[in-house]
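Have a look at the structure below, then the notes.
2 protein chains.
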Amino acid sequence: MRSPANNAQLALLLEVAGTPKPGNVDRHRDHPDLHFDHFLAGAVGSLSGLRRAESGAPVGEAFEAAVEGMSDQRGGNTQFGCLLLLVPLVRTAATGDLTRERARETCEATTVADAADFYRAFEHVDVAVDDPPEGMDALDVRRGADAVPALEERGLTLYDVMGRSEGDGNADEWTDGFPRVFREAERMLDDAGLASERGARAFLRLLAEREDGFVRTTSGPEAAREARERAAAALDGAEDPEDLAEEFVERGINPGTTADLTCAALFVALERGLDV
Amino acid sequence: MRSPANNAQLALLLEVAGTPKPGNVDRHRDHPDLHFDHFLAGAVGSLSGLRRAESGAPVGEAFEAAVEGMSDQRGGNTQFGCLLLLVPLVRTAATGDLTRERARETCEATTVADAADFYRAFEHVDVAVDDPPEGMDALDVRRGADAVPALEERGLTLYDVMGRSEGDGNADEWTDGFPRVFREAERMLDDAGLASERGARAFLRLLAEREDGFVRTTSGPEAAREARERAAAALDGAEDPEDLAEEFVERGINPGTTADLTCAALFVALERGLDV
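Residue numbers (our numbering), protein chains in the order written: chain A, 1 to 276; chain B, 1001 to 1276.
The following block contains the structure:
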């Protein structure tokens, strides 16, 4: 019987193993400087932070610890976004039923100290993010701990910070009880086959449904639109997802936000009895 | 900075990810009822036993806990042999220098209680083993806990039990300070490339050097001889290791003992600074 932290670690591993996930590192593909091995080490290193979340540590503290552990490999940012979703979900699962309502409460209950730890987590690893909105320079996450005084002055909790990142796929989940994550977890449970295969299919559904924020940030809005449309075509059988995976890796189109959601959905599905 | 238990978990993951490892489940191949996902779950589940070894629990107790956790997936025996090698190595690393001499001392210091826990571990999962030697029926590992009275009556420690399994690749390592494991760890450190790739090359060297006990047990002595000879040919460039991997998986020739040694060598290499 796996604990929530162990299921979260397994979700990190099953997520990266699922293939094809067009544009991602997966069981069959690597990026030039980011390899499957780095994701394995990231999952190993993340566990101690995930265990802190399970033991009732504050969300921000557990997240920072998970990111620090994840970063103990040479690939850079492997699972920052996954952990941002997993940590409140693990904490929720460890204290009672893993429901959307309780997950939302976990996020709403975060404090300014959680926000400060979230900012500190950016010091452990380079994360690709957009420029902050007009007038928000003081709260640019890339400032790391230097942004903490501004956070404290304005009394912003981690939930508030996420609320100001409207339009980011992960932040939208965070502030609304993880609607897409829970929906995909249910679809995975209704699906057939191995867990990693169910994850790969969920990835394609999620990408076909909404433009990926990480693609928008790293490859631009055109690429984000194209990735969504072509995932939809792959889902309809009009494109071969294996070919799409080759092409997107070749072109550096990496739907990282969609991978984060897939990982979180795998976690919820495992907690709800998905067999491995 | 990964602890010994974390490095052991990472070694389990890097081992199964390495490809091609002719005949094994690896990053690119599954067996009919044994899939990459099962190895991921096995590595997740093993950790709590590995942590016990790190905290100073007796070798047998830690091993049984690791096997129990490993078994929490549908594939059956994924990493029993790996854990048999890893547990004393983790315990050795956690208390001082990880040397052959100290590893041998860890094994020599095992007790009858360790042997009893080793036998109990066989109750968690089906392990393919040979019939016991003449007159040793009472100590057939397949008896599990039922063999414990016979063990106690004869006062056999786990080290003694391993000593009576002469000719088994893992037992020979166990009773002699892990000579092949430490040698391959050094070769891995001298090699270049990603950790999982170094593991796959070590696998081929180990298989080319000595007949695999698991192949002998499950596919017979002819297959064991052939696997060794063809691995040697692959190492010399006379065979394509990818083709060999396809063929061995097809024919069910699975060099599991060689995979165990590869995993243990990865662990020693990680402890000695192999980068991931």
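For glycine and all other residues, C-beta sits at the position ideal for the given N, C-alpha and C. Given the structure is predicted, the values throughout are model-derived calculations rather than measurements.
Distance between aspartate 131 (chain A) and lysine 1021 (chain B) (C-alpha atoms, nearest Å): 45 Å
Contact with chain A by valine 1044 (chain B), beta-carbon distance below 9 Å: yes
Arginine 1091 (chain B) versus methionine 1070 (chain B): straight-line alpha-carbon distance, rounded: 18 Å
Of the listed residues B:Val1276, B:Asp1240 and B:Glu1271, nearest to aspartate 1097 (chain B) (C-alpha basis): B:Glu1271
Given leucine 1089 (chain B) as reference, the closest of B:Leu1189, B:Asn1170, B:Glu1209 and B:Ile1253 once Cα atoms are compared: B:Asn1170
Per-residue burial, aspartate 1037 (chain B) [other beta carbons within 10 Å of its own, 16 or more giving buried]: buried
Residues in the region 74 to 88 of chain A having any Cβ partner in chain B nearer than 9 Å: Arg74 and Gly75
Which of helix, strand or coil DSSP assigns to aspartate 1172 (chain B): helix
Asparagine 6 (chain A) beta carbon less than 9 Å from that of leucine 47 (chain A): yes
Within-9 Å CB hit, arginine 1272 (chain B) to chain A: no
Own chain partners of phenylalanine 248 (chain A) with C-beta closer than 6 Å, once the 5 adjacent residues on each side are dropped: Pro22 and Gly23
For valine 1125 (chain B) and valine 1087 (chain B), the rounded distance between their alpha carbons: 17 Å
Contact list for the region 26 to 37 of chain A against chain B, Cβ threshold 8 Å: Arg27, His28, His35, Phe36 and Asp37
Contact belief for asparagine 254 (chain A) with phenylalanine 203 (chain A) at Cβ below 8 Å, rounded distance in angstroms: Not confirmed; about 12 Å, so no contact.
Residues from the region 123 to 136 of chain A in contact with chain B, defined by Cβ distance under 7 Å: none
Alpha-carbon to alpha-carbon, alanine 1208 (chain B) and alanine 1232 (chain B): 4 Å
Segment contact flag, the region 1074 to 1084 of chain B with the region 1109 to 1117 of chain B, C-beta cutoff 8 Å, min 3 pairs: no
Environment of alanine 1145 (chain B) [buried if 16+ CB atoms lie within 10 Å]: exposed
Cutoff 9 Å: leucine 1013 (chain B) Cβ touching any chain A Cβ: yes
Under 9 Å between C-beta atoms of alanine 265 (chain A) and alanine 192 (chain A): no
Aspartate 30 (chain A) in three-state terms, based on DSSP: coil
Within chain B, partners of valine 148 (chain A) - CB distance below 7 Å: Per Cβ cutoff of 7 Å: no residues; valine 148 (chain A) is ~26 Å from chain B at best.
Chain B within 9 Å of aspartate 72 (chain A), Cβ atoms only: yes
Per-residue contacts from alanine 227 (chain A) into chain B (C-beta, under 8 Å): Going along chain B, no residue has its Cβ under 8 Å from alanine 227 (chain A), so there is no contact; the nearest lies around 25 Å.
Proline 132 (chain A) (DSSP reduced to helix, strand or coil): coil
Contacts of aspartate 275 (chain A) in chain B (Cβ-Cβ under 9 Å): Gln1073 and Arg1074
Length of the line joining the Cα atoms of proline 1133 (chain B) and glutamate 1250 (chain B): 31 Å
9 Å Cβ cutoff met for arginine 27 (chain A) and valine 1044 (chain B): no
Range of the contiguous alpha helix (DSSP H) that encloses threonine 1099 (chain B): Note, threonine 1099 (chain B): premise wrong, no alpha helix (DSSP H); not H, not E.
Residues within the region 1188 to 1215 of chain B neighbouring chain A, beta-carbon criterion of under 8 Å: Leu1194, Ala1195 and Ser1196
Short CB-CB distance (under 9 Å) between leucine 40 (chain A) and chain B: yes
Proximal residues of chain A, C-beta to C-beta of alanine 1017 (chain B) below 7 Å: Phe36, Asp37 and Leu40
Residue closest to arginine 187 (chain A), alpha-carbon to alpha-carbon, out of A:Gly177, A:Gly199 and A:Ala62: A:Gly199
Boundaries (first-last residue) of the alpha helix (DSSP H) holding asparagine 1007 (chain B): 1004 to 1017
Beta-carbon proximity of glycine 1256 (chain B) to aspartate 1212 (chain B), cut-off 9 Å: yes
Proline 241 (chain A), enclosing alpha helix (DSSP H) - first and last residue: 241 to 251
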